[in-house]
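So the sequences go chain by chain: Z and G. Residue 151 in our numbering sits at position 151 of the first sequence, with consecutive numbering throughout. Residue 1201 in our numbering sits at position 201 of the second sequence, with consecutive numbering throughout. Here a beta-carbon is modelled for each residue, glycine too, at the ideal position from N, C-alpha and C. This report concerns only the one structure given below.
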Amino acid sequence: MNSVTIIADKDVQWKESLTTESTPVRRLLIFAAFLYLTLFLFIPLVAIFTEALKHGLSGYIDSFLNEDALAAIRLTLLVAAVAVPMNAVFGVAAAWAIAKFEFVGKQALITLIDMPLAVSPVISGLIYVLLFGAQGWLGPWLAEHDIKIIFALPGILLATIFVTVPFVARELIPLMQSQGREEEEAAITLGASGWQMFVRVTLPNIKWSLLYGVILCNARAMGEFGAVSVVSGHIRGLTNTMPLHVEILYNEYNAVSAFAVASLLTLLALVTLSAKTLIERKTASATRLKSQR
Amino acid sequence: MSIHVEHVTKRFGTFTVLNDVNLQVESGELVALLGPSGCGKTTLLRILAGLERPDQGRIFLHGTEVTDQRITERRVGFVFQHYALFRHMTVADNVAFGLNVLPRAQRPSAVRIQEKVHELLRLVQLQAMADRYPSQLSGGQRQRVALARALAVEPRLLLLDEPFGALDAKVRKELRRWLRRLHDELHITGIIVTHDQEEALEVADRVVVMHQGNVEQIGTPDEVYENPATPFVYQFLGDVNVFHGRAIQERTIANLPPLPDVDSVLPAGAVDEREVTFVRPHDLELNRYRTNSEQFEATVRYILTAGSRVRVELVVLESEQTIEVELTKERYRDLVLREGEVVFVHPRHRQVFKIPQS
């Protein structure tokens, strides 16, 4: 480890002597970056918590201790609990197929996986309304069989899953492509079954990236507003997720409660960010160990 | 275990990687598949392992057809060019992998597995490295771990895909001698894929030279080196001077004077035929004076004295073709050559191939 740091220090010195701007320019640039981040990221973050705590801690806690708020939290957790595992499984399967095999339509699959990132969330929601809504293609048939999708839990789940499809897959595809197929082939020639190969070789090799993808996927699943807003119908206590609940409270001029619930989502974001940083550090140290040799 | 490959053809899209390949390997033999990259040798190896399926043809291991058998049933050890060690496992866990994934009924006890791993690590001289991770080993050490891992499942057949290709020249040389000794100890049937002719000639009992999906020649290292069956084999196995020429009626004219015992004499009325004459650099003799009628004149252009032998580049006066001659240091000293001098060149041994006119 020591030798690595020494090498790193040398690197830095070398770079400084050759490619650094003069001190005033450097300071100006750093100052500009900090000013920008403070204005657009830090002040709003602080604002959320000060607004939420405006009426003291009791007012803050009261914001969660009512039926509607609790229902919204429960629904959000439920949606994440369904959408994240589904997209984790799909992401691993898709990345596996794309990284390790050649097949017709591979490029199309990659493009499809990216689509939710390119399409506005509102459109993602509208797709489902067009398909399953009362006036939609399948609307009459669903009504006949008394199946509710739009303005109900299934619609919210569908919209959330759609929006969060890319996160795990996109995280894994480049990694699995760079790792190649040889380790898996070695496992098979040594007598491992497909499942043994997956559990003992593939999964350990991708675990950090998988976790990273899952964290990002989870953050998006809990925070999704646009797509869910279109399909949910905003029925209090029934189809309101946390982001939707925040909007309702805010529209009702209940700023304290709105910011209190928002602060919960913000806390989630902060936890996600720290977890992400931790994992990045972990993978970085793993690769450093490798490049050291 | 003997291997029998019958009429195997493999295509990737429209590209034919293997074209009707036949091959017989006897039990206990170490055979090298030798050829330039893209000649199909690795594909053939992967087909034998069961990692690829042939489009046509059949594979027999020890007399039993295995063409449709799964990899796990073939009991084949495979060593990859880039080692393919499990990066998240220690050396010992890597070697034990094949034993740990056995069904419970066949799996040896944990103690027995540990013993066996130590045995194998001793065999590849890496006892001290058992608890290291692959990233902490050198390339040569990694490949020895890969070999121990492949041997752990007691394969009937050992397949090595350019095992030393990613190592530097000195380690490569050491390891191939070590592999040869190991093979003599274990008597396991083995196939090693390589593009390095020196490696193939040194390590294998027999060499299979491949080119563009075809087997060009099969034979012992001596046979393929001394009597190359095709122009390709001649050129691939070592440096060579190539003289293009054509056989005309009654006399062959390469850009060399004729050699009565080698050159073809066409009967009167035969059609022109192109032919190509090969002479290895060490089969060209240099003289300061004309000593016989088969010599031709050439100008010394460049002399390279580094290494155990002296290499001289010359330009043939008549055709302005550049040729290379290899001399012993003694001969070079006796001749006292200087750049720019004209000398007499004489081929001691040459081989002529007719080129079919298409």
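Is the CB-CB distance between leucine 157 (chain Z) and valine 84 (chain Z) below 8 angstroms? Residue numbering aside, residue 157 (chain Z) sits at position 157 when the first sequence is read from its first letter. Residue numbering aside, residue 84 (chain Z) sits at position 84 when the first sequence is read from its first letter. Their beta carbons are not under 8 angstroms apart, which means leucine 157 (chain Z) does not touch valine 84 (chain Z) by this criterion.
Any Cβ of chain Z within less than 8 angstroms of the Cβ of histidine 1088 (chain G)? For the purposes of this step, residue 1088 (chain G) is identified with residue 88 of the second sequence, where counting begins at 1. When Cβ-Cβ separations below 8 angstroms define contact, histidine 1088 (chain G) makes contact with chain Z.
Are the beta-carbon atoms belonging to leucine 1314 (chain G) and isoleucine 1323 (chain G) less than 8 angstroms from one another? Here residue 1314 (chain G) refers to the residue found at position 314 when the second sequence is read from its first residue. Here residue 1323 (chain G) refers to the residue found at position 323 when the second sequence is read from its first residue. Yes. Within cutoff.
Say whether chain Z places a C-beta atom closer than 8 angstroms to the C-beta of threonine 1072 (chain G). Residue 1072 (chain G) sits at position 72 when you count from the first residue of the second sequence. Taking Cβ atoms only, chain Z reaches closer than 8 angstroms to threonine 1072 (chain G), which makes this a yes.
According to DSSP, simplified to helix, strand and coil, what is isoleucine 248 (chain Z)? To locate residue 248 (chain Z), count along the first sequence from 1; it is residue 248. Helix, per DSSP.
C-beta neighbour in chain Z for histidine 1282 (chain G), strict 8 angstroms: Residue 1282 (chain G) sits at position 282 when you count from the first residue of the second sequence. So, not an interface residue.
Indicate the three-state DSSP secondary structure (helix, strand or coil) for asparagine 66 (chain Z) in the structure shown. Counting from one through the first sequence, the residue named residue 66 (chain Z) turns up at place 66. Three-state DSSP puts asparagine 66 (chain Z) in coil, outside helix and strand.
Three-state class that DSSP yields for threonine 189 (chain Z) in the structure shown: Working through the first sequence from its first residue, we reach residue 189 (chain Z) at position 189. Three-state result, threonine 189 (chain Z): helix.
Is the beta carbon of valine 1076 (chain G) closer than 8 angstroms to that of valine 1095 (chain G)? Sequence index remark: in the second sequence, residue 1095 (chain G) carries index 95 (1-based). Sequence index remark: in the second sequence, residue 1076 (chain G) carries index 76 (1-based). Taking 8 angstroms as the Cβ cut-off, valine 1095 (chain G) and valine 1076 (chain G) do not qualify as a contacting pair.
Contact under 8 angstroms by Cβ, valine 1031 (chain G) with arginine 1176 (chain G): Residue mapping note: residue 1031 (chain G) aligns to position 31 of the second sequence, counting from 1. Residue mapping note: residue 1176 (chain G) aligns to position 176 of the second sequence, counting from 1. No Cβ-Cβ contact shorter than 8 angstroms links valine 1031 (chain G) with arginine 1176 (chain G).
Could you check whether the Cβ of proline 204 (chain Z) sits closer than 8 angstroms to any Cβ belonging to chain G? Here residue 204 (chain Z) corresponds to residue number 204 of the first sequence, with the count starting at 1. True, the Cβ-Cβ gap to chain G drops below 8 angstroms.
Output the distance between the C-alpha atoms of aspartate 1168 (chain G) and glutamate 1216 (chain G), rounded to the nearest integer angstrom. Position 168 of the second sequence, counted from the start, is the residue given in the question as residue 1168 (chain G). Position 216 of the second sequence, counted from the start, is the residue given in the question as residue 1216 (chain G). Distance between the alpha carbons of aspartate 1168 (chain G) and glutamate 1216 (chain G) is about 29 angstroms.
Element boundaries [alpha helix (DSSP H), containing tryptophan 197 (chain Z)]: Here residue 197 (chain Z) is taken as the residue at index 197 of the first sequence, counted from 1. First, the residue type needs correcting, since residue 197 (chain Z) is methionine and not tryptophan in the sequence shown. Methionine 197 (chain Z): member of the alpha helix (DSSP H) spanning 194 to 197, first to last residue.
Could you list which residues in chain G have their beta carbon closer than 7 angstroms to that of glycine 191 (chain Z), in chain order? Within the first sequence, the letter at position 191 stands for residue 191 (chain Z). Think of a sphere of 7 angstroms around the beta carbon of glycine 191 (chain Z): the chain G residues whose beta carbon falls inside it are Thr1072, Gly1098, Val1101, Leu1102 and Val1153, in chain order.
Only counting the same chain, and skipping five residues up and downstream in sequence, which positions put a Cβ closer than 8 angstroms to that of threonine 1220 (chain G)? The residue you call residue 1220 (chain G) lines up with position 220 of the second sequence. For threonine 1220 (chain G), same chain residues with a beta-carbon under 8 angstroms away, outside a window of 5 residues either side, are Asp1205, Arg1206 and Val1207 in chain order.
Which residue's Cα is closest to the Cα of glutamate 1052 (chain G): G:Leu1121, G:Val1017 and G:His1349? The residue you call residue 1052 (chain G) lines up with position 52 of the second sequence. Taking glutamate 1052 (chain G) as reference, the option from G:Leu1121, G:Val1017 and G:His1349 with the minimal CA-CA separation is G:Val1017.
Closer than 8 angstroms by beta-carbon distance: list the chain Z residues that pair up with phenylalanine 1078 (chain G), in chain order. Here the question's residue 1078 (chain G) lines up with position 78 in the second sequence. Chain Z residues near phenylalanine 1078 (chain G): Glu185, Ala186 and Thr189.
Give me, in chain order, the residues of the same chain whose beta-carbon lies closer than 8 angstroms to that of leucine 1157 (chain G); leave out the 5 immediate sequence neighbours on both sides. Taking the first residue of the second sequence as position 1, residue 1157 (chain G) is located at position 157. Shown here for leucine 1157 (chain G): same chain residues with a beta carbon closer than 8 angstroms to its own, the five before and five after excluded, namely Met1001, Ile1003, Leu1048, Leu1061, Arg1074, Arg1075, Val1076, Gly1077, Ile1188, Thr1189, Gly1190 and Ile1191 in chain order.
Nearest-angstrom Cα separation, counted from alanine 1092 (chain G) out to methionine 115 (chain Z): Locating residue 115 (chain Z) in the first sequence gives position 115, counting from the first residue. Locating residue 1092 (chain G) in the second sequence gives position 92, counting from the first residue. Each residue's Cα considered, the two are about 45 angstroms apart.
Look at the alpha carbon of glutamate 184 (chain Z) and the alpha carbon of isoleucine 150 (chain Z), and state the distance between them as a whole number of angstroms. Taking the first residue of the first sequence as 1, we reach residue 184 (chain Z) at position 184. Taking the first residue of the first sequence as 1, we reach residue 150 (chain Z) at position 150. Roughly 43 angstroms between the two C-alpha positions.
Short check: CB of threonine 164 (chain Z) to CB of cysteine 217 (chain Z), under 8 angstroms? For the purposes of this step, residue 164 (chain Z) is identified with residue 164 of the first sequence, where counting begins at 1. For the purposes of this step, residue 217 (chain Z) is identified with residue 217 of the first sequence, where counting begins at 1. A contact, by the Cβ cut-off of 8 angstroms.
Does any residue of chain Z bring its CB to less than 8 angstroms from the CB of arginine 1149 (chain G)? Translated into positions along the second sequence, residue 1149 (chain G) becomes position 149. Yes, because at least one Cβ of chain Z sits closer than 8 angstroms to the Cβ of arginine 1149 (chain G).
Which bits of chain G does valine 201 (chain Z) rub up against, with CB to CB less than 7 angstroms? Here residue 201 (chain Z) refers to the residue found at position 201 of the first sequence. Within chain G, the residues near valine 201 (chain Z) are Phe1086.
Kindly identify the DSSP beta-bridge partner or partners of proline 1347 (chain G). Taking the second sequence and counting its residues from 1, the one referred to as residue 1347 (chain G) is at position 347. Partner(s): G:Leu1284.
Short-range partners of chain Z found in the stretch 1037 to 1063 of chain G, where Cβ spacing is below 9 angstroms: Arg1046, Ala1049, Gly1050 and Leu1051
Give me the Cα-Cα distance between leucine 138 (chain Z) and leucine 153 (chain Z), rounded to the nearest whole angstrom. Taking the first residue of the first sequence as 1, we reach residue 138 (chain Z) at position 138. Taking the first residue of the first sequence as 1, we reach residue 153 (chain Z) at position 153. Whole-angstrom Cα-Cα distance: 17 angstroms.
Report yes or no: do the stretch 200 to 216 of chain Z and the stretch 1102 to 1118 of chain G share at least 3 C-beta pairs separated by less than 8 angstroms? Short answer: they don't touch.
Report yes or no: do three or more beta-carbon pairs, one from the stretch 190 to 204 of chain Z and one from the stretch 255 to 272 of chain Z, lie closer than 8 angstroms? Taking 8 angstroms as the limit for Cβ pairs, the verdict is that the stretch 255 to 272 of chain Z does not touch the stretch 190 to 204 of chain Z.
Is leucine 138 (chain Z) near the ligand SAM, judged by its Cβ being under 7 angstroms from some heavy atom? For the structure depicted, the ligand SAM is absent and the ligand set is empty, with no information on it obtainable.
Based on Cα-Cα distance, which residue from Z:Ala169, Z:Val231, Z:Lys106 and Z:Ser124 lies nearest to alanine 88 (chain Z)? Within the first sequence, residue 88 (chain Z) is the residue found at index 88, counting from 1. Closest option to alanine 88 (chain Z), Cα to Cα, is Z:Ala169.
Taking only runs of the beta strand (DSSP E) that begin and end inside the stretch 1178 to 1241 of chain G, which ones reach a length of at least 3 residues, in chain order? 1189 to 1194, 1206 to 1211 and 1214 to 1219
Determine, using beta carbons only, whether threonine 272 (chain Z) and alanine 219 (chain Z) come nearer to each other than 8 angstroms. Counted from its first residue, the first sequence places residue 272 (chain Z) at position 272. Counted from its first residue, the first sequence places residue 219 (chain Z) at position 219. In this structure, alanine 219 (chain Z) lies closer than 8 angstroms to threonine 272 (chain Z) by Cβ.
Top-ranked residue by Cα proximity to phenylalanine 1296 (chain G), from G:Ile1303, G:Glu1065, G:Leu1286 and G:Tyr1302: As a first step, residue 1296 (chain G) must be located in the second sequence, where it is residue number 296. Cα-wise, what sits closest to phenylalanine 1296 (chain G) is G:Leu1286.
Looking only at C-alpha atoms, which of Z:Lys207, Z:Ala269, Z:Ser229 and Z:Glu224 sits nearest to isoleucine 279 (chain Z)? Working through the first sequence from its first residue, we reach residue 279 (chain Z) at position 279. Checking every option, the nearest Cα to that of isoleucine 279 (chain Z) belongs to Z:Lys207.
Tell me whether glutamine 1114 (chain G) sits in a helix, a strand or coil according to DSSP, three-state version. Against the second sequence, residue 1114 (chain G) aligns to sequence position 114. Glutamine 1114 (chain G): helix per DSSP, three-state reduction.
Are the CB atoms of proline 1134 (chain G) and valine 964 (chain G) within a distance shorter than 8 angstroms? Limits of chain G in this structure are 1001 at one end and 1358 at the other, which puts residue 964 (chain G) out of reach.
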